[in-house]
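Participant:
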Amino acid sequence: QDVFIMNVAFLYGLLQLFNEHEHLGMIGMIGAQYVPPNGIWNEGRGVVGKVIGYMNDLFYMATQEQPYHESKTFMPVECIDGLLMATQYDIPWREDLFDGFDYYDVSQSFEFRKAGYTVGVPVQRDAWCIHYHIDVNMTNYDKYRKIFVENYMSDVNQDE
1 QDVFIMNVAF LYGLLQLFNE HEHLGMIGMI GAQYVPPNGI WNEGRGVVGK VIGYMNDLFY
61 MATQEQPYHE SKTFMPVECI DGLLMATQYD IPWREDLFDG FDYYDVSQSF EFRKAGYTVG
121 VPVQRDAWCI HYHIDVNMTN YDKYRKIFVE NYMSDVNQDE
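Using UniProt numbering, read the sequence shown as starting at 1 and increasing by one per residue.
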(Lines of atoms letter the chains of each structure in order from A; the text may use other names.)
(Lines give C-alpha, C1' and ligand atoms only; values in the text may rest on other atoms or scores of the structure.)
Protein backbone atom coordinates (compact mmCIF):
# COMPACT_ATOMS: atom_id res chain seq x y z
CA GLN A 1 0.00 0.00 0.00
CA ASP A 2 2.91 2.39 0.61
CA VAL A 3 5.81 0.59 -1.11
CA PHE A 4 6.59 0.69 -4.81
CA ILE A 5 8.98 -1.80 -6.39
CA MET A 6 11.44 0.03 -8.65
CA ASN A 7 13.69 -2.88 -9.63
CA VAL A 8 12.33 -4.31 -12.90
CA ALA A 9 14.18 -7.55 -12.14
CA PHE A 10 12.71 -7.81 -8.63
CA LEU A 11 10.94 -11.15 -9.09
CA TYR A 12 13.94 -12.63 -10.89
CA GLY A 13 16.26 -11.52 -8.07
CA LEU A 14 13.89 -12.81 -5.42
CA LEU A 15 13.49 -16.22 -7.07
CA GLN A 16 17.23 -16.46 -7.67
CA LEU A 17 17.94 -15.82 -3.98
CA PHE A 18 15.41 -18.40 -2.83
CA ASN A 19 16.52 -21.00 -5.41
CA GLU A 20 20.20 -20.61 -4.49
CA HIS A 21 19.61 -20.55 -0.72
CA GLU A 22 17.17 -23.22 0.45
CA HIS A 23 17.65 -22.14 4.09
CA LEU A 24 16.70 -18.51 3.32
CA GLY A 25 13.15 -18.27 4.59
CA MET A 26 12.39 -14.56 4.36
CA ILE A 27 13.93 -11.38 2.97
CA GLY A 28 13.29 -7.69 3.43
CA MET A 29 14.83 -4.54 2.03
CA ILE A 30 16.39 -3.37 5.29
CA GLY A 31 17.07 -5.04 8.62
CA ALA A 32 19.34 -5.46 11.62
CA GLN A 33 21.95 -8.12 12.27
CA TYR A 34 21.55 -7.65 16.04
CA VAL A 35 18.35 -6.46 17.74
CA PRO A 36 19.12 -4.65 21.01
CA PRO A 37 17.48 -5.74 24.29
CA ASN A 38 14.93 -2.89 24.04
CA GLY A 39 13.54 -4.49 20.85
CA ILE A 40 13.96 -1.39 18.66
CA TRP A 41 15.64 -3.01 15.66
CA ASN A 42 16.83 0.18 13.95
CA GLU A 43 18.83 1.04 17.09
CA GLY A 44 20.62 -2.30 16.79
CA ARG A 45 24.05 -3.12 15.41
CA GLY A 46 24.60 -4.06 11.81
CA VAL A 47 21.64 -2.28 10.23
CA VAL A 48 21.88 -3.24 6.56
CA GLY A 49 19.94 -2.67 3.35
CA LYS A 50 18.81 0.06 1.06
CA VAL A 51 15.50 1.79 0.36
CA ILE A 52 14.39 5.11 -1.07
CA GLY A 53 12.18 6.84 1.45
CA TYR A 54 9.62 9.58 0.90
CA MET A 55 8.46 11.77 3.78
CA ASN A 56 7.32 15.38 4.08
CA ASP A 57 7.58 15.94 0.30
CA LEU A 58 11.23 14.81 0.26
CA PHE A 59 12.85 11.71 -1.21
CA TYR A 60 15.91 10.36 0.61
CA MET A 61 18.16 7.32 0.28
CA ALA A 62 18.24 5.17 3.39
CA THR A 63 21.29 3.00 2.87
CA GLN A 64 23.28 0.98 5.32
CA GLU A 65 25.51 -0.89 2.89
CA GLN A 66 29.01 -1.84 3.96
CA PRO A 67 31.91 -2.77 1.63
CA TYR A 68 31.97 -6.48 2.48
CA HIS A 69 28.37 -6.84 1.29
CA GLU A 70 29.52 -6.81 -2.32
CA SER A 71 30.88 -10.35 -2.05
CA LYS A 72 27.53 -11.81 -0.97
CA THR A 73 24.05 -12.06 -2.46
CA PHE A 74 22.35 -11.32 0.86
CA MET A 75 23.21 -10.46 4.45
CA PRO A 76 21.78 -12.61 7.25
CA VAL A 77 19.94 -10.53 9.85
CA GLU A 78 17.98 -11.10 13.06
CA CYS A 79 15.05 -9.10 11.70
CA ILE A 80 13.75 -7.17 8.73
CA ASP A 81 11.54 -4.11 8.46
CA GLY A 82 7.99 -4.80 7.32
CA LEU A 83 7.99 -2.37 4.41
CA LEU A 84 8.46 -5.46 2.23
CA MET A 85 8.55 -9.05 3.45
CA ALA A 86 8.98 -11.87 0.93
CA THR A 87 8.87 -15.48 2.11
CA GLN A 88 9.94 -18.80 0.67
CA TYR A 89 8.05 -20.76 3.34
CA ASP A 90 4.87 -20.26 5.35
CA ILE A 91 5.19 -19.70 9.09
CA PRO A 92 2.07 -18.78 11.10
CA TRP A 93 1.85 -15.19 12.34
CA ARG A 94 1.67 -14.67 16.10
CA GLU A 95 -1.82 -13.18 15.94
CA ASP A 96 -2.25 -14.09 19.61
CA LEU A 97 0.39 -11.48 20.47
CA PHE A 98 0.33 -8.92 17.65
CA ASP A 99 -3.04 -7.80 16.34
CA GLY A 100 -1.96 -4.38 15.13
CA PHE A 101 0.48 -2.60 12.86
CA ASP A 102 3.62 -2.62 15.00
CA TYR A 103 6.12 -5.46 15.52
CA TYR A 104 4.50 -7.95 13.14
CA ASP A 105 7.71 -7.76 11.09
CA VAL A 106 10.25 -8.18 13.86
CA SER A 107 8.26 -10.95 15.55
CA GLN A 108 7.83 -12.81 12.24
CA SER A 109 11.58 -12.56 11.66
CA PHE A 110 12.16 -14.22 15.02
CA GLU A 111 9.54 -16.89 14.22
CA PHE A 112 11.36 -17.75 10.97
CA ARG A 113 14.67 -18.01 12.78
CA LYS A 114 13.08 -20.12 15.53
CA ALA A 115 11.83 -22.49 12.79
CA GLY A 116 15.44 -22.88 11.56
CA TYR A 117 15.36 -20.54 8.58
CA THR A 118 17.67 -17.64 7.77
CA VAL A 119 16.25 -14.13 7.46
CA GLY A 120 18.14 -11.83 5.13
CA VAL A 121 18.46 -8.57 3.25
CA PRO A 122 19.52 -8.79 -0.41
CA VAL A 123 22.59 -6.91 -1.56
CA GLN A 124 21.24 -4.06 -3.69
CA ARG A 125 23.44 -1.99 -5.98
CA ASP A 126 20.49 0.37 -6.37
CA ALA A 127 17.50 0.45 -4.02
CA TRP A 128 14.81 -2.00 -5.09
CA CYS A 129 11.91 -0.05 -3.53
CA ILE A 130 10.48 3.33 -2.60
CA HIS A 131 8.73 3.52 0.77
CA TYR A 132 6.20 6.33 1.25
CA HIS A 133 6.02 7.28 4.94
CA ILE A 134 2.54 8.76 5.10
CA ASP A 135 0.27 8.82 8.15
CA VAL A 136 2.77 7.16 10.49
CA ASN A 137 0.81 6.19 13.61
CA MET A 138 2.95 5.43 16.66
CA THR A 139 0.03 5.21 19.14
CA ASN A 140 0.51 1.52 20.02
CA TYR A 141 4.21 1.19 19.22
CA ASP A 142 5.42 0.97 22.81
CA LYS A 143 2.65 -1.48 23.76
CA TYR A 144 3.74 -3.91 21.04
CA ARG A 145 7.43 -3.27 21.71
CA LYS A 146 6.93 -4.41 25.31
CA ILE A 147 5.04 -7.52 24.14
CA PHE A 148 7.89 -8.28 21.74
CA VAL A 149 10.58 -7.85 24.40
CA GLU A 150 8.65 -9.98 26.89
CA ASN A 151 8.12 -12.83 24.42
CA TYR A 152 11.25 -12.76 22.27
CA MET A 153 14.07 -11.04 24.14
CA SER A 154 13.84 -12.99 27.41
CA ASP A 155 17.31 -14.50 26.95
CA VAL A 156 18.89 -11.07 26.63
CA ASN A 157 19.63 -8.59 29.42
CA GLN A 158 16.83 -6.11 29.00
CA ASP A 159 17.94 -2.49 28.92
CA GLU A 160 14.70 -0.55 28.75
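Even for Gly, the Cβ is constructed at its ideal location relative to N, Cα and C.
Since residue 161 sits in a beta bridge, which residues does DSSP pair it with?
Facilitator: No information on residue 161 is available, as it lies outside the stretch 1 to 160 that the chain covers here.
Participant: Pick out the complete beta strand (DSSP E) segments inside the UniProt domain "Streptomycin biosynthesis protein StrF" (1 to 152), 3 residues or longer, and give them in chain order.
Facilitator: Here the runs fully enclosed are 3 to 5, 24 to 28, 30 to 34, 45 to 55, 58 to 63, 74 to 77, 85 to 87, 118 to 122, 129 to 132.
Participant: If we call anything under 7 Å between Cβ atoms a contact, is F110 one with G39?
Facilitator: Not a contact, by the Cβ cut-off of 7 Å.
Participant: Looking only at its chain, what residues have a beta carbon closer than 6 Å to the beta carbon of I91, apart from the 5 residues adjacent to it on each side?
Facilitator: Excluding sequence neighbours, I91 sits near E111, F112, A115.
Participant: If you measure between the beta carbons of V51 and G44, is that distance less than 7 Å?
Facilitator: No.
Participant: Please determine, among M153, V123, L97, I80, the residue with the shortest C-alpha to C-alpha distance to A32.
Facilitator: Taking only the C-alpha atoms, the option nearest A32 is I80.
Participant: Alpha carbon to alpha carbon, how far is Y12 from K72?
Facilitator: If you take the alpha carbons of Y12 and K72, they lie about 17 Å apart.
Participant: Whole angstroms is fine: what's the gap from N56's alpha carbon to W41's?
Facilitator: Roughly 23 Å separates the two Cα atoms.
Participant: Quick check: the Cα distance between Q1 and P37, rounded to an integer number of angstroms?
Facilitator: So the alpha carbons of these two residues sit roughly 30 Å apart.
Participant: Is it true that the CB of N140 sits closer than 7 Å to the CB of G82?
Facilitator: No; because the gap between Cβ atoms is not below 7 Å, this pair is not in contact.
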